[in-house]
Every structure is written in C-alpha cells, then in structure tokens.
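Chains as they are written, first to last, in our numbering: chain E, 1 to 393; chain Z, 1001 to 1472. Here the structure is laid out as structure tokens; the discussion comes afterwards.
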Amino acid sequence: MVPDGTAPRESLARERFERPGFVRLTASDRPGVAQPVPERDIPPQPWRRIVFGAFAVFLLLLAAWEGYWRDFGATPGYRNSNGAWAEQRRRIDAGEGGGTVLVGSSRVLFDVQLAQWQAIAGERPIQLALEGTSPVPVLEDLAADPNFTGRLLVGVAPELFFSGFAYRGEAIAHYHRQGPSQRSGHWLSKRLLEPYFAFYDPDFALPTVLLRQDWPLRPGLRQDMPVRKLMEMGPDRDTHIWGKVETDPDYRALTRRVWLHRLQGPPPPMLDTPAKLQKVVATQIDRATKAVATLRARGVRVVFVRPPSTGAYYAFERKVLPRAATWDVLLQRTGLPGIHFEDYPQLQGYELPEWSHLTRADAKRYTVALTPLAMREFERQERAATATTTAAR
Amino acid sequence: MVFNSLTFVVFFACVLVLHRLPLGWTTKKINLLIASYLFYAAWNPPFVVLLWVSTVVDWWAAKKLVNAQKPASRHAWMLLSVVVNLGMLGYFKYGGFLTANFAALLASLGVAWQPPKLDIVLPVGISFYTFATLSYTLDIYLRRAKPANNALDYALFVTFFPHLVAGPIMRPTELVPQFAQPRRASGEQLYFGLALMTLGLFQKVVLADGFLGPAAEDVYSPMAGAPGALDAWMGTLAFSGQIFCDFAGYSTTAIGAAMCLGFAMPDNFRFPYAAVGFSDFWRRWHITLSAWLRDYLYIPLGGNRHGAARTYFALLATMLLGGLWHGASWTFVVWGGLHGLYLAVERALRTRFAGYAPGPLAVFGLGLLTYALVNITWVFFRAEGFGQAWTVLRGMFGGNPGAAPILHTAQLTTVALIVTGIVIAHWLMRRRTLEAMLAQRHPVPLAACMGVMAFAVAATQGSGNAFIYFQF
C-alpha cells in the first residue's frame, strides 16, 4: 500500500530503511553466535542511469580541467615519479651497469640533454638525477651495487649536495622495495595516462592547487612558497625546463620569487649557525668520499660537475657555500677531477631564466660543451687505471 | 595491490569480465581464487605461501576437530590452529618488538644482550587473514558452525580479495555459504557496487590522502616543533578524519567490489563519530574487529557473567590486546588501554546512574565528550613514540605556550571544514544507514555527486598510498 500523497519510491524507502530506531544489524548486535550471511540493501534508485549520468559529469569536469591546464601552457608529458626513477635505476641491473650514469640534482636533470650526449659519446646515459635532492644517497646506493661498473657524472648543486637535503630521497627506497603491483602501476600510467593528459602532473593535483591559493597569512607563520612546475620529462627521464618559464614573464617572475623566498628566508634549524653548517658540509663530503672510494675500487670512473647558476642564486651560493670551503674540499678529499663552470669559458654565458636552470636551447649547447670535457676525464682515469694494472704486472 | 591504483582498475575490470562470462560456477570460483592470489602476490609473491599455510592448517585442523571423538583431541586440533596462526602473526609482527623488549628487560637487570637484527618484513594483511582463519576453527570448536563442504570454498573464503588484506574481518559463516550457489551481480548490484567504490575511493584518495593526511603529518612530523593548542588539536582532528576516511573508505570500496561480483560483505563502520559513549563507539568503529575480539577473547575471558571484577579484567585485557593487534608498539597498547579504561568507567557510571535518561542536549554533549576523548586516544595511535605523544597532548591542553605555528591558514580551513563535515554527517546519520539516505534523494543530485567525487579522485592524482590498516 502506498499512503496518500507519498511517492512510491519514498514510501518504499521509509518502509525498508526508516523503521523507527532501525539500523541494519551488524556483528556487534549478535554476540557469541555464528554470524549469518550479511544482508546488503540496494536503495531503490535507477542506478544504471545514475552511474551513466555520473560518468558523463566526470567526463565533462575532466575535460574542463584538462582544457584549463592546456590553456595554462601544459602539455602531456611523463611523470617524474619514483616509478620512473626506479625504471631507469633497474637498467643497471639489466645489463647496462657498464654504461654512463648521471646523478645530481635538478641542474643535471634539466641541463644535461641525453640526445646531445648520445650524439657525442655514442651512448645514451642513464638519468638518475633527482630534483631538490643531494646525490650523495644515490652515490651510496650505486657504491653498494656491484652491477654498476661504468662511468658516473655527479652533479654538484652546492645548496643540496653539501646540505644533504633529499626532497626525493624516498625514490631509492622505492626502487628497492617496489613490488609487482607498483611496477605494473607505473607501466600502465606511462602508457595509458601520461602521454595523453596534461593535468596528470603532481603540480596540478587538486589539493596542491587549492592549498597554494592566496590564503590569508597566519600570524607568526612564514609564507610558504612551494616550487612550481619547472620541467618537462621524456620517457627515459630526459628533461628540460618548461617552456612557460622561458616565455611567460609573469611565470618566470613567480619562479624567481620562489627562489628568493627560499634564499632569503631563515636557514633550517640544523643549519642555522656557521658551526652547524660546517659540520653538515663535512659530513656530506665524508659520505661522498667513502662512496666514491668504493666505486673507484670497483673501477667506476667518476667526475664531479658544477653546472652554472646566475643571479640571486649564484650570489647566495658564493656567500653561504663558497667554493673554497665546499667544492675544492670535495675534490681534494676524493682525489677526483671536477668540471666547474667558472673554470671553462665554453660552460659560461648561457641563459638561465630563473637563475638555476638553462633554457631548453642552451641546455643542448651546454651538453655539447660539457660532454667532451667529461669524456676526457673518464678516459684519463681509464688510461691511469690501465697504466696501474700494467705496472702491477 | 591497493584499491587506489591503476593496477587494481585493470585487475578488477578483468575479474568482472571473467565473472560474467558464461562459465561453470566451479570455474568461476577457481578464477576468483587465482585472482585473489594474484591480488596478494602483487605486493610480495613469496608471502602467498603464508596464506597457503594458514589455509591448509585450518582446513585440516577443522576437519580433524569435527571427527575427533575425545574432548582432548578436539582441544588439541583447536590449539594447533591457534598456535600456527598466532605463531605466524607473532613472528612476523611482534618478533622485533619482543626481542627488543626482552633486551631492555635484561638490560634493566644488568645483563647486556644485543638482540640479533631480525629485519622482518611484515606480510601485508596478516592480522586480518589469520583472524579470519582462526574464526573458522574456533566456530567449529565452539560448535557454532559446520566445516565448509569443500576445500575450494574454504580457500576462497580465506583469500577472497575484497576482504583479504584489511577486512572487514569476515567469519566463515558469513561468506562460505555464499559460494554454495552460483552468484552473479544483478544490474542494480553492479551499479550500486560501483557507486560504493567511488564513495570509498573519494574518502581515501581525496579526503584522507589529499587533505587530511598532510596536515596530520605536518603536526606529527619529527621535524615539527612542539605544537600550540590550535595546531595540536587541528593535527589530531585531521588524523581522526584521516584514519576514518582511510579505513572506512577501504571497507566501503571492499563492500562495493564484492557487490559488483554478487557477494555481500558486512558493515565495518556505522558513523562512529556520532557515538555517545564508548560501548556505542565500538559498535560503530571497526565493527568486525571489535565483534571478533568480543566473541573470541572477551567472552572466553569471562565476559560479564562472572561478577564485576572479572568483567573489568576481561574488558581491559581485551582492549589492551586489541591495541597490540594494531601494531607492535607500546603506544598502541596505551591506545587500547585508554579505550579499556573509558569502557570500564562508562560501565561503572551506567551501573551507578542506571535510571538516568539524558535529554537531546545531554546526548549531544555526551557525544561531543566521546569524540573529544577518542581524539585523545588518537594521539597515542598517531605519535611515533611517547615523547611525541606527550608533546602533542601538552600542546592540546595549552602546555606549550609561545609555540611557533605549524599549519597554514589553508590547512586549518580545509581540515576544519572536512572534519566538521564528517562529524555533522555522522550525527545526521547516526540512526540510519547510507542506503536509507540514498533511497530518499533525487537521482540527479546523486549522479552529480558521484560524478564530482570521481572527478575529485582523478584530479587529486593519488599516488597509490597504501591504506593505513595494511600495516596492522
């Protein structure tokens, strides 16, 4: 029976679900007995139409979201995920351990172009640099891997290398514990989503976008300016600076403000006195020295590279982490050669839109200039190793 | 694999298609069994062996138990099941904890002993499936249930992927009978199951991982300083929302996934933040665990049938062990102990004021008090150790004056909005079911909500974070 004036759907709902005091029984209502097969109610609704309607809404919103980001200047690209890093790292296990590996921070990631390197050196290096991250943990990881016997270019961005800061440090752990599910997830993402969707970038994630709007500043709390999207990545982590940083003056100004905010802010608590800073720098050099010694004992050829920086970033590095107290000590302690951009005219004079990374065109030119220098150092170490072996015989 | 992953999307689509093909029922069950093993092996393939051990031991123990003539023999087969299951759980989950505490005990007695570095990897979901298989043997031992008719049905009960790694903790009597007859989801079940999965993933990916988790992490980070009152409360409230959305989101997704295949799974949550009192809270939070502990621990310990002292002992012992079930750490024991204490005090008050019937305002006040006290316990659940727990608690009660602010306005606002929304929703739903509410809505806003939730899941781009309860 349907009461007068009540729609059938509502009536059915009341009858089935709104008996006074009624809540579906659960195991908590039946102590000390064998629990029966659960009952699951299906609310009387046109669920097929609802699901298809929801799918239409989902597609419309997603299309609008994708359009918004494309209009912003984004294009589909590959995610700089831990899975992508692990995929490249596994190339060493899969027989490419005798090749060239690039480690470092974002400067090696953005500035060293794999195609140009390959054209000159005859092999495409494995790109393992991680943005915002000291390469020292990666050095230690490679030192512990007997499969790696090749050539190693180590990028030195002073602020990261000598502080040990590791924004992406979990990538190494991810590589070691990555299960089949995570590997297949990365495989699917790389083939089904990343090449087609511009919005599918961590920088455009909904919470990230909402939380970095212009919210009122809480008294006593320093305004946080997280780093914005700066790069575009290829399938094997070949990376260059995002075109918007080069071509959009407002966006370039924003990226500079982010750096200034970081450079002019108070140092983190573990680096807030000269003594603490010196201790941290010494620790990082010690760690690097040990890792490099292990690598060299296995025959790995290693070269340090200090990519260029300009403007406020360069001024900060010279002031807080001067070359004599960091780079020179590193080379002296490890006994290794280094390629510092200050020492080579061909590594100078490039355009760095936000003071830290080269434009895409200049990254190509820089790689063309850098590769022969690095190759020369690798070959010199190989000749020295051969000479030592011959002398020992 | 986790529900919030691309791998699961593809896996589940394949399982759905296979399950709807015109194949024999036994073939479909074998398909589900193989799929469930794949689901588990996707984390760490060797650990499938543990599932097999648990399955085989309990299958044979129950079989022998039923045929045993002597009580001692029945008892022995039951004990075998208990020892093997708890032995596996003890080794993998508590091995390091026990040796570390043993070493500390020896050190307090002046004996220096360095425990060997065990480096044990915790098999995901081991606490859940060992409890599920234990309930099979125990129900048969207690003569509450009969053994499964065939090994395939039993193995599928243990392994069925929707409940395998994080519950709801199913009893054999809830699931095994569902395998007796061919099951295929009706159109309504399939579509409503998809709606539930969307809701569950929205809770997990958007609310728990996207907004609440990072705020809780900022306050509970070892790098964060001592929080002031606002940060300590907001960080803890964020965690209260995060753990609910994470775990209830998992349960809802699991129930939806099972429904898409034509199976029914029990409720695991019933709007717990609308609980008035702690016995009410435990009838609403992780229902299948609290009911399991009640049936197989609290009642065997004496329950409430042997006088007040024995009741309080059983209550506290059950909650302390329930706390330890969550993790091999003394902070979890304190979390469980606090809940045991709350339950004991509530019991004493109910006895003392047996005739008291609170009015609506008092009910609301008592509900808020319950929620506040639950949040105190979450501090121990979330903190890395007692040091951090005390620091946060001190902050919550104004004991860190002059503390530097931690959370940004954006975080404070989103946490306040989401947590308030959760609590209000729980209060509005406290005497109803989700289905009752959905039945009364117009289809158009339902479709719009579901579409928006699905979009939010995609736009949040969850990074496949594991569910919190996987570690338990």
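Where a beta carbon is used, it is the ideal one built from N, C-alpha and C, also for glycine. Every value quoted in this text rests on a predicted model; they were computed, and no experiment measured them.
Taking just the CA atoms, how far does residue j sit from residue i?
i: F1244 of chain Z; j: G95 of chain E; result: 46 Å
i: P235 of chain E; j: R168 of chain E; result: 19 Å
i: I50 of chain E; j: V1444 of chain Z; result: 7 Å
i: A1309 of chain Z; j: D1280 of chain Z; result: 22 Å
i: G1213 of chain Z; j: G1241 of chain Z; result: 9 Å
i: V1525 of chain Z; j: P125 of chain E; result: The structure shown does not extend to residue 1525 of chain Z, since chain Z spans only 1001 to 1472, so no value can be given for it.
i: I1030 of chain Z; j: A1372 of chain Z; result: 48 Å
i: S189 of chain E; j: G1451 of chain Z; result: 22 Å
i: F22 of chain E; j: M1429 of chain Z; result: Because F22 of chain E carries a pLDDT of 48, less than 50, the predicted location of this residue cannot be relied on, and the following value inherits that uncertainty. Going by the C-alpha atoms only, they are around 12 Å apart.
i: T1370 of chain Z; j: P1360 of chain Z; result: 15 Å
i: L1446 of chain Z; j: L1438 of chain Z; result: 8 Å
i: F1278 of chain Z; j: G1167 of chain Z; result: 22 Å
i: N1375 of chain Z; j: T1007 of chain Z; result: 35 Å
i: L373 of chain E; j: G243 of chain E; result: 28 Å
i: R1171 of chain Z; j: P1162 of chain Z; result: 14 Å
i: L370 of chain E; j: V300 of chain E; result: 19 Å
i: Q1114 of chain Z; j: H1286 of chain Z; result: 38 Å
i: L1261 of chain Z; j: H1019 of chain Z; result: 7 Å
i: Y1356 of chain Z; j: P268 of chain E; result: 56 Å
i: A387 of chain E; j: L102 of chain E; result: 26 Å
i: D29 of chain E; j: L1297 of chain Z; result: 17 Å
i: H261 of chain E; j: R318 of chain E; result: 17 Å
i: A1100 of chain Z; j: V1082 of chain Z; result: 24 Å
i: F52 of chain E; j: I285 of chain E; result: 60 Å
i: P345 of chain E; j: I339 of chain E; result: 11 Å
Might you give, ordered along the chain, the residues of its own chain that have their beta carbon closer than 8 Å to the beta carbon of residue i, omitting 5 neighbours on each side?
i: D1218 of chain Z; result: A1224, G1235, I1406, L1407 and Q1411
i: A27 of chain E; result: Q35
i: R24 of chain E; result: E39 and D41
i: L295 of chain E; result: L139, L142, A143, F148, L152 and V302
i: L1080 of chain Z; result: V1057 and A1061
Closer than 7 Å by C-beta to residue i: which residues in its own chain qualify, once you throw out the five before and the five after it? Chain order, please.
i: V1205 of chain Z; result: N1004, V1457, T1460 and G1462
i: A166 of chain E; result: T133, S134 and P137
i: R256 of chain E; result: E354 and W355
i: L1293 of chain Z; result: T1318 and G1322
i: E170 of chain E; result: N82
i: E382 of chain E; result: R301
State yes or no: is the C-beta of residue i within less than 8 Å of the C-beta of residue j?
i: S81 of chain E; j: L160 of chain E; result: no
i: A1145 of chain Z; j: D1139 of chain Z; result: yes
i: V292 of chain E; j: L153 of chain E; result: no
i: H357 of chain E; j: R79 of chain E; result: no
i: D145 of chain E; j: I172 of chain E; result: no
i: T367 of chain E; j: W117 of chain E; result: yes
i: L352 of chain E; j: P308 of chain E; result: yes
i: M231 of chain E; j: F110 of chain E; result: yes
i: L1207 of chain Z; j: Y1141 of chain Z; result: no
i: A1264 of chain Z; j: G1193 of chain Z; result: no
i: A1155 of chain Z; j: T1027 of chain Z; result: no
i: T100 of chain E; j: E123 of chain E; result: yes
i: A1226 of chain Z; j: H1426 of chain Z; result: no
i: G155 of chain E; j: V280 of chain E; result: no
i: F1384 of chain Z; j: P1222 of chain Z; result: According to the sequence displayed, residue 1384 of chain Z carries Glu and not Phe. Yes; because the gap between Cβ atoms is below 8 Å, this pair is in contact.
Starting from the C-beta of residue i, find all residues in its chain whose C-beta is less than 6 Å away, skip the five residues before and the five after it, and write them out in chain order.
i: L1315 of chain Z; result: G1340, L1343 and A1344
i: R1382 of chain Z; result: Y1220 and F1239
i: S181 of chain E; result: none
i: A992 of chain Z; result: As shown, chain Z starts at 1001 and ends at 1472. That puts residue 992 of chain Z outside it, with no answer to give.
i: T968 of chain Z; result: The structure shown has nothing for residue 968 of chain Z, since chain Z only spans 1001 to 1472.
i: F1047 of chain Z; result: P1123
Could you pull the DSSP bridge partners for residue i from this structure?
i: A166 of chain E; result: E:T133
i: F304 of chain E; result: E:V154 and E:G338
i: Q127 of chain E; result: E:L102
i: H1286 of chain Z; result: Its beta-bridge partners do not exist; DSSP assigns none.
i: H240 of chain E; result: E:E232
Find the residues of chain A that neighbour residue i, judging by a C-beta separation of less than 7 Å, and give them in chain order.
i: S163 of chain E; result: Absence of chain A from the displayed structure is noted, the protein chains being E and Z.
Regarding residue i and the ligand MG, is the C-beta to nearest heavy atom distance less than 7 Å?
i: K229 of chain E; result: The model on display carries no ligand, and the ligand MG is accordingly not part of it.
*Fully enclosed by the segment 323-381 of chain E, which beta strand (DSSP E) runs are 3 residues long or longer?*
Unbroken beta strand (DSSP E) runs of no fewer than 3 residues, entirely contained in the segment 323-381 of chain E, are found at 338-340, following chain order.
*alpha helix (DSSP H) segments (min. 4 residues) lying fully within the segment 1177-1230 of chain Z*: Runs found: 1187-1201 and 1213-1220.
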